[in-house]
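Take a look at the structure below.
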Amino acid sequence: GNSVTQMEGPVTLSEEAFLTINCTYTATGYPSLFWYVQYPGEGLQLLLKATKADDKGSNKGFEATYRKETTSFHLEKGSVQVSDSAVYFCALIPWMDSSYKLIFGSGTRLLVRP
Amino acid sequence: EPEVTQTPSHQVTQMGQEVILRCVPISNHLYFYWYRQILGQKVEFLVSFYNNEISEKSEIFDDQFSVERPDGSNFTLKIRSTKLEASAMYFCASRKDRDQPQHFGDGTRLSIL
């Protein structure tokens, strides 16, 4: 079946540090891949997406590349800020899925210290 | 920017009672979803809704659950005879069409006592 695995958190970094949050997936065909972010007390917001192999999604300094050969979609940012503290969810929409439902990973909490 | 709004933000209910969670999707969106997140666990798909009918439901979405779009703006999730394990955060989402991302509300935290 389809599933998403994320690295466990919390991830604690100092401001301006480099961020990597690992995400791997299990799916048939060519799923679409997403990163969502949840700030405290808020809903899930789309951060970036990639819909085919080797696509790079980017937004607000965050990047992730769709790697089909390693079934991965790792999230990176070169220099994190305190305001990036949130929970990050990797997700996929299964290939050829009729309802376009999202399948989420368990989330990774990021804490950035000044 | 238009938002998906959910009410209430927190609902406390006695076990065995019925509860209705309300959502107002973005006005020109056509596809609607409910997800839930039990504390400390993954966000899980419950149901998708399009053209006034359920298009897909998960194994979680059993006879205890129902959804309705009673008018042109609201999308509701009803849970009948609530059980303790229904305690979770419930998220509503909507999207405009096939190639557009889902937009989420801030969620309703449901606590069953």
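Protein chains in written order, with the working numbering: chain A, 980 to 1093; chain B, 4 to 116. Each residue gets a CB set at the ideal place from its N, CA and C atoms; glycine is no exception.
**Request:** Could you round the C-beta distance between V1016(A) and V1061(A) to whole angstroms and report it? I think they count as a contact, below 8 Å.
**Result:** On the first sequence, position 37 is the one that residue 1016(A) refers to. On the first sequence, position 82 is the one that residue 1061(A) refers to. Their Cβ separation, rounded to whole angstroms, is 14 Å, which puts V1016(A) and V1061(A) out of contact at 8 Å.
**Chain-ordered neighbours of G1084(A) on chain B, where CB pairs are closer than 8 Å** = Walking along the first sequence from the start, residue 1084(A) turns up at place 105. Residues of chain B passing the Cβ test: K45.
**Asked** So is P119(B) in contact with chain A if we call contact Cβ pairs under 8 Å?
**Response** Residue coverage of chain B in this structure runs from 4 to 116, which leaves residue 119(B) outside it and unanswerable.
**Prompt:** G108(B) versus chain A: which residues are under 8 Å apart at the beta carbon?
**Reply:** Numbered from its first residue, the second sequence carries residue 108(B) at position 105. Here the neighbours are G1022.
**Per-residue contacts from F48(B) into chain A (C-beta, under 9 Å)** = Residue 48(B) sits at position 45 when you count from the first residue of the second sequence. Taking a Cβ-Cβ cut-off of 9 Å, the neighbours of F48(B) in chain A comprise S1078, K1080, L1081, I1082 and F1083, given in sequence order.
**Item:** DSSP three-state assignment for V1059(A), whether helix, strand or coil
**Value:** On the first sequence, residue 1059(A) is found 80 positions in, with the first residue counted as 1. Annotated three-state conformation of V1059(A) is coil, per DSSP.
**Opposing strand residues paired with G1036(A) [DSSP bridges]** = Counting from 1 along the first sequence, the entry for residue 1036(A) is found at position 57. Looking at the DSSP assignment, G1036(A) forms a beta bridge with A1043(A).
**Item:** Interface partners of K1028(A) on chain B, CB under 8 Å
**Value:** To locate residue 1028(A), count along the first sequence from 1; it is residue 49. Chain-order list of chain B residues neighbouring K1028(A): P104, by C-beta distance under 8 Å.
**Item:** Below-8 Å beta-carbon distance, L1025(A) vs any chain B residue
**Value:** Here residue 1025(A) is taken as the residue at index 46 of the first sequence, counted from 1. Closer than 8 Å: yes.
**Request:** With 7 Å as the limit, tell me which residues of the region 1063-1074 of chain A have their beta carbon closer than that to any beta carbon of chain B; keep them in chain order.
**Result:** Listed by position along the chain: F1068.
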